[in-house]
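Okay, so here's the structure we're looking at.
Structure (structure tokens):
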């Protein structure tokens, strides 16, 4: 069964450093997402991406964040200058159709620890 | 604006039933249910589109009452594997959106 994959599974970085989280969505999916989950809390929407551009973003997704689909398979989330409060689990997800009407499949996540 | 789930936590014995509720102060276009085990990604259970439908998958089913702006997840004859945190998600601004807002979560623990 096709699945969303993410690398690395765990990333440790120093405050102020840049990190890139990588995702490979399900191959025929058209919509891509990043979510964040701080330990013990609910899953929070960050951004959605369709047709090579951001379609929606949350207030969390400020200028420190960017997303890119550099080729036909990868989808990346970049945090330019990490802060302690960026420590969280980051999930990538993808869907074939709009989120409101279709299933989103989540990847296994990347645990980001900012020291 | 996030959906509110109840109860916050529930402990069951194997074989018992449980109901998890998800309600919103805003109109619901669709409701998505996920289960997340500790340290793992959310796993999709089912999606309900507006129309008051009920869907089921083996011993897990759900209903969606558009007028009452709520959905309920029914777990029948619970198994140990049902343990985890259950989240409902909804596109609060309608169907033509890619922004899924998740509820507060319900922790379900099934004991032998």
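Residue numbers (this note's numbering), protein chains in the order written: chain A, 1 to 115; chain B, 116 to 227.
Just so it is clear, CB atoms sit at the ideal spot from N, CA and C, and this is done for glycine as well.
Just so it is clear, the structure is predicted and the values come from calculations on it, not from any experiment.
Contact set between residue i and chain B, taken where Cβ atoms lie within less than 9 Å
| i | result |
| --- | --- |
| residue 88 of chain A | Simply none; closest approach about 13 Å. |
Short CB-CB distance (under 7 Å) between residue i and chain A
| i | result |
| --- | --- |
| residue 142 of chain B | no |
| residue 157 of chain B | yes |
| residue 163 of chain B | no |
| residue 220 of chain B | yes |
| residue 214 of chain B | yes |
| residue 118 of chain B | no |
CB of residue i within 7 Å of CB of residue j, strictly
| i | j | result |
| --- | --- | --- |
| residue 110 of chain A | residue 11 of chain A | yes |
| residue 72 of chain A | residue 92 of chain A | no |
| residue 4 of chain A | residue 94 of chain A | yes |
| residue 103 of chain A | residue 159 of chain B | yes |
| residue 82 of chain A | residue 7 of chain A | no |
| residue 134 of chain B | residue 189 of chain B | yes |
| residue 191 of chain B | residue 174 of chain B | yes |
| residue 185 of chain B | residue 138 of chain B | yes |
| residue 34 of chain A | residue 19 of chain A | no |
| residue 148 of chain A | residue 215 of chain B | Look at the range of chain A in this structure, 1 to 115, and you will see that residue 148 of chain A is not part of it. |
Interface flag, residue i vs chain B, CB-CB below 7 Å
| i | result |
| --- | --- |
| residue 43 of chain A | yes |
| residue 75 of chain A | no |
| residue 109 of chain A | yes |
| residue 91 of chain A | yes |
| residue 56 of chain A | yes |
| residue 106 of chain A | yes |
Counterpart residues of residue i in DSSP-defined beta bridges
| i | result |
| --- | --- |
| residue 93 of chain A | A/33 and A/106 |
| residue 257 of chain B | Outside the displayed span of chain B (116 to 227) sits residue 257 of chain B, for which this structure offers no information. |
| residue 224 of chain B | B/126 |
| residue 57 of chain A | A/47 |
Check: residue i C-beta below 6 Å from any heavy atom of the ligand HEM
| i | result |
| --- | --- |
| residue 145 of chain B | Ligands displayed in this structure: none; no statement on the ligand HEM is therefore possible. |
Contact list for residue i against chain B, beta-carbon separation under 7 Å
| i | result |
| --- | --- |
| residue 14 of chain A | What residue 14 of chain A touches in chain B: nothing, since even the nearest Cβ is about 24 Å away. |
Proximal chain A residues relative to residue i, where beta-carbon distance stays under 8 Å
| i | result |
| --- | --- |
| residue 145 of chain B | 100 and 101 |
Contacts of residue i in chain B (Cβ-Cβ under 8 Å)
| i | result |
| --- | --- |
| residue 64 of chain A | What residue 64 of chain A touches in chain B: nothing, since even the nearest Cβ is about 20 Å away. |
| residue 61 of chain A | Residues of chain B passing the Cβ test: none, with the nearest at roughly 11 Å. |
Beta-carbon neighbours of residue i, restricted to chain A and to distances below 7 Å
| i | result |
| --- | --- |
| residue 217 of chain B | 42 and 43 |
| residue 202 of chain B | 42 and 43 |
Proximal residues of chain A, C-beta to C-beta of residue i below 9 Å
| i | result |
| --- | --- |
| residue 206 of chain B | 98, 99, 100 and 101 |
task: Say whether the segment 143 to 152 of chain B touches the segment 189 to 204 of chain B, bearing in mind that this needs 3 or more beta-carbon pairs closer than 8 Å, one atom from each stretch.
output: yes
- request: Indicate whether the contact test is met: 3 or more Cβ pairs, each with one atom in the segment 31 to 41 of chain A and one in the segment 77 to 92 of chain A, closer than 8 Å.
  value: yes
message: Using 8 Å as the cut-off, can you tell me whether the segment 216 to 224 of chain B makes contact with the segment 116 to 126 of chain B, which would need three or more C-beta pairs spanning the two stretches below that distance?
response: yes
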